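A.B. asks: Please see the structure below; I have some questions.
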Amino acid sequence: KEINQLFSIQTTAIIGQFGGIRREKEGLPNEIFDPYGFYQGSGEYFVCDFKELDLQALVNVSNILSLFDIGGFNNYIIYAKGGIGYNIFNTVNRNLESGDYIYSYGYEDEFLNGGLVKKSLGESPAETVYIYGLVFNYEITEKVSLLLDFTKRVGKTDKWDASISNFSNVVASRYDNFNFYSIGISYNINGELEKKKQKRPLEGL
Numbered sequence: 004k005e006i007n008q009l010f011s012i013q014t015t016a017i018i019g020q021f022g023g024i025r026r027e028k029e030g031l032p033n034e035i036f037d038p039y040g041f042y043q044g045s046g047e048y049f050v051c052d053f054k055e056l057d058l059q060a061l062v063n064v065s066n067i068l069s070l071f072d073i074g075g076f077n078n079y080i081i082y083a084k085g086g087i088g089y090n091i092f093n094t095v096n097r098n099l100e101s102g103d104y105i106y107s108y109g110y111e112d113e114f115l116n117g118g119l120v121k122k123s124l125g126e127s128p129a130e131t132v133y134i135y136g137l138v139f140n141y142e143i144t145e146k147v148s149l150l151l152d153f154t155k156r157v158g159k160t161d162k163w164d165a166s167i168s169n170f171s172n173v174v175a176s177r178y179d180n181f182n183f184y185s186i187g188i189s190y191n192i193n194g195e196l197e198k199k200k201q202k203r204p205l206e207g208l
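Those letters in the sequence shown? Residues 4 to 208, by my numbering.
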């Protein structure tokens, strides 16, 4: 929803998965989160399934830049965005070589089932997530645009990787985070695109 020529709001609903690998290296065993003693050496990996609902605010950076551009600007719009979301996740950590279970969050009887049976949506762990990034919208034609999205998500949790940081030199709990990059095409099905590039945020003043 466009509020004015500078500000918009949007909601997003996401279902996805991300993961990570940490290989064995000198000093690593002291950093492994291994409550059950299942770590076998040689490294670990996690897989996290998540569902998320966000509310984001977008600032039209191109319209702000147009204040300093006498001749207007090209067929692109740059948005800076920030927001907050609600993230529900199920994550399991395993030994890198064998795939054997180490620890998990959001699974039934995790010790017995090896992180295979997910808890229901209402019983799965959930945390607040903070969002910020940039969106580039390049108008190819009056109906087709190219979209580039660079978004960082920071969870108010240290559990996305099924591991709790226990470094002695860390005073506060470390928040997990992941980056999202996408490229896509948008097609306007409702007539011609509005010529936003011709707008000036202080036009008429």
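We treat Cβ as the ideally placed atom computed from N, Cα and C, and that holds for glycine.
All values derive from a computational prediction rather than experimental measurement.
Roughly how many angstroms separate the alpha carbons of Ile-143 and Gln-59, rounded to a whole number?
C.D. replies: As a first step, residue 143 is located in the sequence shown; it is residue number 140 there, counting from the start. As a first step, residue 59 is located in the sequence shown; it is residue number 56 there, counting from the start. So the two alpha carbons sit approximately 26 Å from each other.
A.B. asks: Kindly list the residues whose CB is nearer than 7 Å to the CB of Phe-2, restricted to its own chain and excluding five residues on each side of it in sequence; keep chain order.
C.D. replies: Nothing can be reported for residue 2, as the shown portion of the chain is limited to 4 through 208.
A.B. asks: Give the DSSP bridge partners of Ala-129, in chain order.
C.D. replies: Taking the first residue of the sequence shown as position 1, residue 129 is located at position 126. Bridge partners of Ala-129: Ile-91.
A.B. asks: Taking its Cβ as the centre, do 16 or more other Cβ atoms sit within 10 Å of Lys-159, making it buried, or is it exposed?
C.D. replies: Sequence index remark: in the sequence shown, residue 159 carries index 156 (1-based). Counting Cβ neighbours within 10 Å, Lys-159 comes out exposed, since fewer than 16 surround it.
A.B. asks: Taking DSSP as the reference, what is the three-state secondary structure of Ile-143?
C.D. replies: The residue you call residue 143 lines up with position 140 of the sequence shown. Three-state DSSP puts Ile-143 in coil, outside helix and strand.
A.B. asks: Would you please state the rounded distance, in angstroms, between the beta carbons of Phe-49 and Asn-96? I believe it to be under 8 Å.
C.D. replies: Along the sequence shown, one-based indexing puts residue 49 at 46. Along the sequence shown, one-based indexing puts residue 96 at 93. With a Cβ gap of about 4 Å, Phe-49 and Asn-96 count as contacting.
A.B. asks: Can you give me the Cβ contacts of Gln-13 inside the same chain, cut-off strictly under 6 Å, excluding the 5 residues immediately before and after it?
C.D. replies: Mapped onto the sequence shown, residue 13 falls at position 10. For Gln-13, where only same-chain residues beyond five positions count, the Cβ hits under 6 Å are Gln-59.
A.B. asks: Please classify Asp-103: does DSSP put it in a helix, a strand, or coil?
C.D. replies: Residue mapping note: residue 103 aligns to position 100 of the sequence shown, counting from 1. Looking at Asp-103 - three-state DSSP - the assignment turns out to be coil, as it is neither helix nor strand.
A.B. asks: Tell me, to the nearest whole angstrom, how far the beta carbon of Asn-193 is from that of Lys-155; I am working on the premise that it is less than 8 Å.
C.D. replies: Against the sequence shown, residue 193 aligns to sequence position 190. Against the sequence shown, residue 155 aligns to sequence position 152. Not really, about 32 Å apart at Cβ, beyond 8 Å.
A.B. asks: Report the partner residues of Gln-59 according to the DSSP bridge assignment.
C.D. replies: Taking the first residue of the sequence shown as position 1, residue 59 is located at position 56. According to DSSP, Gln-59 bridges with Gln-13, Gly-86.
A.B. asks: Can you name, in chain order, every residue of its own chain whose Cβ lies under 7 Å from the Cβ of Glu-47, other than the five neighbours on each side?
C.D. replies: Walking along the sequence shown from the start, residue 47 turns up at place 44. Same-chain partners within the cutoff: Arg-25, Ile-35, Asn-96, Arg-97, Asn-98, Leu-99, Ile-105.
A.B. asks: Could you have a look at Ser-69 and say whether DSSP puts it in helix, strand or coil?
C.D. replies: In the sequence shown, residue 69 corresponds to position 66, counting from 1. If DSSP states are grouped into helix, strand and coil, Ser-69 belongs with the helices.
A.B. asks: Would you mind working out which of Asp-161, Asp-152, Ala-16 sits nearest Leu-56, comparing C-alpha positions?
C.D. replies: Residue mapping note: residue 56 aligns to position 53 of the sequence shown, counting from 1. For Leu-56, the nearest C-alpha among the options comes from Ala-16.
A.B. asks: Nearest to Tyr-133 by alpha carbon, out of Phe-10, Lys-84, Gln-8, Gly-88?
C.D. replies: What you label residue 133 is simply residue 130 of the sequence shown in a count that begins at 1. Ranking Phe-10, Lys-84, Gln-8, Gly-88 by Cα distance to Tyr-133 puts Gly-88 first.
A.B. asks: Leaving out five residues before and five after Lys-122 in sequence, what residues of the same chain have Cβ atoms less than 8 Å from its Cβ?
C.D. replies: The residue you call residue 122 lines up with position 119 of the sequence shown. Correct list, in chain order: Asn-93, Gly-109, Tyr-110, Glu-111.
A.B. asks: Thinking C-alpha only, which one of Asp-164, Ser-101, Phe-139 is nearest Gly-185?
C.D. replies: Counted from its first residue, the sequence shown places residue 185 at position 182. The question names Gly, yet the displayed sequence has Ser at residue 185. Closest by alpha carbon: Phe-139.
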